[in-house]
Amino acid sequence: MTRNNPKLCIIVPCYNEQEVLPETSKRLNAFINENADVLSPDSRVLFVDDGSRDDTWKLISGLSKSSPLFTGIRLSHNRGHQNALWAGMEKARGRFDCVITIDADLQDDINAMRRFVEAYKEGADVVYGVRSKRDTDTFLKRFTAESFYKLMKLLGAETVFNHADYRLLSARALDALLACDEVNLYLRGMVPLIGFNTQTVTYERNERFAGESKYSIKKMLSLAMQGATSFSVRPIMLVWLLGLMITFITLLAGLVLLIIPGMQLGFTAFSVWLCCGLIMSSLGLIGEYIGKIYAEAKRRPRYFIQDTAPEEQDGKPQG
Ligand code: UDP
Ligand code: MG
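Numbering (this note's numbering), first residue to last: 363 to 681.
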């Protein structure tokens, strides 16, 4: 299968990215110009300002006035990377042949997008950008990220190793993804579930061009927890098995301790503490799932759009 030059939308989530935006927009502009042989001239860049507190929106709206290539939406509040991506994808849906999501900080090699588009033209619906190495990440980042991929594998959730949110989706893959109704988003786990023709493109990841990481430890942990509990109920099963095992061992130990005179008291204290710990951790884990059900049941909108660039007339909030 060969497809025509696609109308591409490059979706860039931005949270307090005033330091990098001038350079990022320059390079995206150059990319589109240099790759005009594989792209439709109607391709666009869509910046999603995720409730930034700096001059990010000012820059985006300035860019949109300088060239029709640049468009933007501004969320009314900081909703996090995954929601910002979702907002961008919903905005782009139905108007483009494919979308690519890429971070604003130039860590992902922009030129790899040419290979994304080539794969699309050859029939791929989902193209994953996979990092060939992680030298430029800090030790902590690399260690936590790699342990997380391993944990996900252990839990039985399908994720692509060393792939973050740099990917291409064709219009039909985008429709399929956006048909998922869940409020707790973990795109890296959701995209593999939609299937279709899949390709990977490897690229070298650079250091952030400027500014600091917008993923605080808290945001990172919450994403990891989201991933682990959104795609696998194995943790609940493990707790259940552990509970059974401990009960069995405790019963055996209890019998032995009962036979030895004078040991009864020590055993009581030991077992009380052990049970306390077990019950609390199990409850906490179950609470995590109940928390998810709670968030899903409320069906709160994921975000609201405050402004668009260029400005649109019906500025109605979108859910
Ligand atoms: N980001 C966002 N909302 C947030 C945090 C981050 O839209 O609440 C964006 C950020 O502007 C960047 C991308 O998500 O384009 C990835 O963030 P960052 O580069 O800071 O994460 P890291 O590469 O350090 O994991
Ligand atoms: Mg980054």
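Glycine included, C-beta positions come from ideal geometry on N, C-alpha and C.
Fair warning: this is a prediction, and the values are worked out from it, not measured in the lab.
Item: Between the beta-carbon of Gly-434 and the beta-carbon of Asp-404, is there less than 8 Å?; Value: no
Item: Please determine, among Asn-559, Asp-543 and Tyr-548, the residue with the shortest C-alpha to C-alpha distance to Ala-535.; Value: Asn-559
Item: Taking all protein chains shown into account, do 16 or more other C-beta atoms lie within 10 angstroms of the C-beta of Ser-429, making it buried, or fewer, making it exposed?; Value: exposed
Item: Skipping 5 residues on each side, what residues in its chain have a beta carbon closer than 7 Å to that of Pro-679?; Value: Only weak support exists for where Pro-679 lies, its pLDDT of 45 falling under 50; the coordinates are left without a value.
Item: Any idea if Asp-399 is buried or exposed, counting beta-carbon neighbours within 10 angstroms, 16 or more meaning buried?; Value: exposed
Item: Just checking Ala-572 against the ligand UDP - is the residue's beta carbon closer than 7 Å to any of the ligand's heavy atoms?; Value: no
Item: So Gly-450 and Ile-373 are in contact, right, with Cβ under 8 Å, and what is the actual spacing, rounded?; Value: 4 Å
Item: At a threshold of 7 Å, does His-443 count as lining the ligand UDP (C-beta to nearest heavy atom)?; Value: yes
Item: Should Cys-376 and Leu-370 be called a contact, given that it needs their Cβ atoms to be closer than 8 Å?; Value: no
Item: Would you grab the beta carbon distance between Asn-367 and Leu-401 for me? Rounded to a whole angstrom, and I think it's under 8 Å.; Value: 6 Å
Item: Grab the span of the alpha helix (DSSP H) containing Ile-621 for me, first residue to last.; Value: 596-621
Item: CB Ala-533 to CB Ile-556, shorter than 8 Å?; Value: no
Item: Taking Val-352 and Leu-431 to be in contact with their CB atoms under 8 Å, please state how far apart those CB atoms are, rounded to whole angstroms.; Value: A query on residue 352 cannot be resolved here, the shown segment of the chain reaching from 363 to 681 and no further.
Item: DSSP three-state label for Phe-432, please.; Value: strand
Item: Just the C-alpha distance for Leu-585 and Arg-476, rounded to the nearest angstrom, thanks.; Value: 29 Å
Item: Decide if the segment 599-609 is in contact with the segment 636-655; the criterion is three or more beta carbon pairs, one per stretch, under 8 Å apart.; Value: yes
Item: Run the CB neighbour count on Gly-677, radius 10 Å, all protein chains shown included, and call it buried at 16 or more, exposed below.; Value: The predicted position of Gly-677 is uncertain, since its pLDDT is 48 and thus under 50; a value taken from the coordinates is nonetheless stated next. Flag for Gly-677 reads exposed.
Item: Here's a check: name, in chain order, each residue in its chain whose Cβ is nearer than 6 Å to the Cβ of Val-545, leaving out the five neighbours to either side.; Value: Ala-657 and Glu-658
Item: Quick one: what's got a C-beta closer than 6 Å to Asn-445's C-beta in the same chain, skipping five residues either side?; Value: Arg-664 and Tyr-665
Item: Using alpha carbons as the reference points, say which of Glu-569, Asp-527 and Ala-541 lies closest to Leu-549.; Value: Asp-527
Item: Between the alpha carbons of Lys-576 and Lys-420, how many angstroms are there, rounded?; Value: 19 Å
Item: So which of Gln-469, Phe-409, Ala-519 and Lys-515 has the shortest CA-CA distance to Glu-452?; Value: Phe-409
Item: Which residue wins for smallest C-alpha separation from Gly-589, given the options Gln-561, Cys-542, Ile-608 and Leu-517?; Value: Leu-517
Item: Who are the near neighbours of Lys-581 in its chain, counting only those whose CB is closer than 8 Å to its CB and skipping five residues on each side?; Value: Gly-442 and His-443
Item: Beta carbon of Asn-440: closer than 7 Å to some heavy atom of the ligand HEM?; Value: Within the structure as shown, the ligand HEM is missing, the only ligands being the ligand UDP and the ligand MG.
Item: Quick check on Phe-505: buried or exposed, where buried means 16 or more other Cβ atoms within 10 Å of its Cβ?; Value: exposed
Item: What three-state label does DSSP hand Gln-680 in the structure shown?; Value: In this predicted model, Gln-680 has a pLDDT of only 45, less than 50, meaning its place in the structure is not dependable enough to derive any value.
Item: If I measure Cβ to Cβ from Ala-454 and keep anything under 7 Å in the same chain, skipping five residues before and after, which residues do I get?; Value: Cys-371, Ile-373, Leu-408 and Val-461
Item: Where does Val-489 land, buried or exposed, given buried means 16+ other C-beta within 10 angstroms?; Value: buried
Item: Can you check whether the CB of Leu-636 is closer than 8 Å to the CB of Ile-598?; Value: no
Item: Have a look at Lys-515, Val-553, Tyr-565 and Leu-583 and flag the residue whose alpha-carbon is nearest the alpha-carbon of Ser-494.; Value: Tyr-565
Item: If you compare alpha carbons, which of Trp-448, Asp-470 and Leu-425 is closest to Ala-541?; Value: Trp-448
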